[in-house]
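Numbering follows UniProt numbering, with no gaps: position 116 of the sequence shown is 116.
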Amino acid sequence: AGVAMQYHTAHWWQSSLSKSSARKNMILSTTFGRGGRLLLSNNNNNKFLHHHVQRSSWFSTKAAVQHIVMFRLKADTTMDQKQALQDGLSALPRQCPQIITGQLGVDLELPLSQANPLGPNRHLSWSATFASTADYEAYHKSEAHQALVNDLLKPILEPGSRAAIQYEIK
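Here it is in structure tokens:
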């Protein structure tokens with residue numbers, strides 16, 4: 001088992017250098033996203049590298065939201081069911097425009113982790129970044145997310161194994 005697709009975007013802001021219209025671009029992160037344009041500036045010679053940023057809401061002053069969910073699958077889950085769930089999770093960033101980044105994690109199922117006295121690891125994790133809580137809520141209610149949960153996850157989810165958290169990224 002391996003890690004499926006991962007989408008990223010870049011975060012940047014502009015600040016005034018003086019009372020003139022001069023600007024300095026400050027790069028906070030340099031991972032790139034689907035179709036986004038990042039402006040990298042070399043202030044000494046004014047050379048720029050452009051990479052289009054798809055979601056302008058990312059540049060708001062609101063904190064981004066990180067969503068992480070983990071779950072264990074029933075013992076009788078087939079490889080085809082597990083693969084269908086992994087494919088479905090990997091497709092969510094293409095189906096839900098609210099997702100800035102998405103990453104699927106498949107547990108390595110190391111013996112010590114599965115025999116942990118606090119309980120075995122979860123089988124899969126899904127992590128997604130959103131520009132706002134409103135974007136997270138729209139994703140959560142989206143047809144693509146609801147179909148994945150109802151059609152692919154619920155039939156094979158070990159009861160009580162889901163754990164999730166949403167938190168602000170500042």
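Ideal placement from N, C-alpha and C gives every residue a C-beta, glycine not left out.
Query                                                                                                                             : Result
Touch test, the stretch 119 to 129 against the stretch 62 to 69, Cβ-Cβ under 8 Å, three pairs minimum                             : yes
From 121, 76 and 100, residue whose alpha carbon lies closest to that of residue 70                                               : 121
Option nearest residue 87 by Cα separation, candidates 109, 116, 149 and 139                                                      : 149
Collapsed DSSP secondary structure at residue 81 in the structure displayed                                                       : helix
Residue burial classification, residue 94 (beta-carbon count within 10 angstroms, cutoff 16)                                      : exposed
Run of the alpha helix (DSSP H) containing residue 137, from where it starts to where it stops                                    : 133 to 141
Residue range of the beta strand (DSSP E) that includes residue 114                                                               : Element bounds for residue 114: not the beta strand (DSSP E) but the alpha helix (DSSP H), 111 to 114.
Chain-order list of residues whose beta-carbon lies under 6 Å from that of residue 135 (same chain, five-residue window excluded) : 98
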